[in-house]
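For the sequence shown, the working numbering assigns the number 64 to the initial residue and increments by one for each residue that follows. Reading through the structure tokens given below for one structure.
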Amino acid sequence: MGILKVWAHSSREEECTKRKLKKLNEMMDDEVLMALKALEEPLVLRKMGDKQLNIQVKSSTTDTHRTFYKQALVDSRSSSSCISQKFVKKNLINTH
Numbered sequence: 064m065g066i067l068k069v070w071a072h073s074s075r076e077e078e079c080t081k082r083k084l085k086k087l088n089e090m091m092d093d094e095v096l097m098a099l100k101a102l103e104e105p106l107v108l109r110k111m112g113d114k115q116l117n118i119q120v121k122s123s124t125t126d127t128h129r130t131f132y133k134q135a136l137v138d139s140r141s142s143s144s145c146i147s148q149k150f151v152k153k154n155l156i157n158t159h
């Protein structure tokens with residue numbers, strides 16, 4: 064468990080338990096990667112009434128089939144899909 068605590072963001076050390084380790088061992092490889100990436104992110108506590116929801120997502124490009132793991136904002140009032148232009152440029156993702 065020591066290595067898991069070193070990996071995790073300092074705000075998430077309490078999540079690094081024997082139970083968490085057991086769950087990680089039961090997951091498929093891509094699920095483990097997503098869970099470990101989530102542990103790297105700081106734990107953000109939101110005030111009551113805050114309507115923002117961020118989740119860890121796995122997304123893949125349709126042309127090159129590259130996979131990315133990122134935090135994403137869920138917006139239930141969104142009328143279209145969007146992605147950060149900075150992220151697209153950094154990762155050379157085709158958008159057409």
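Where is the CB? At the ideal position from N, CA and C, for every residue including glycine.
- Taken in chain order, the complete alpha helix (DSSP H) segments of 4 or more residues contained in the stretch 66-150 are 81-89 and 92-103.
- Here residue 102 is buried. Its C-beta has 16 or more other C-beta atoms within 10 Å.
- Shown here for residue 76: same chain residues with a beta carbon closer than 8 angstroms to its own, the five before and five after excluded, namely 68 in chain order.
- Rounded to the nearest angstrom, the gap between the Cα atoms of residue 156 and residue 124 is 7 angstroms.
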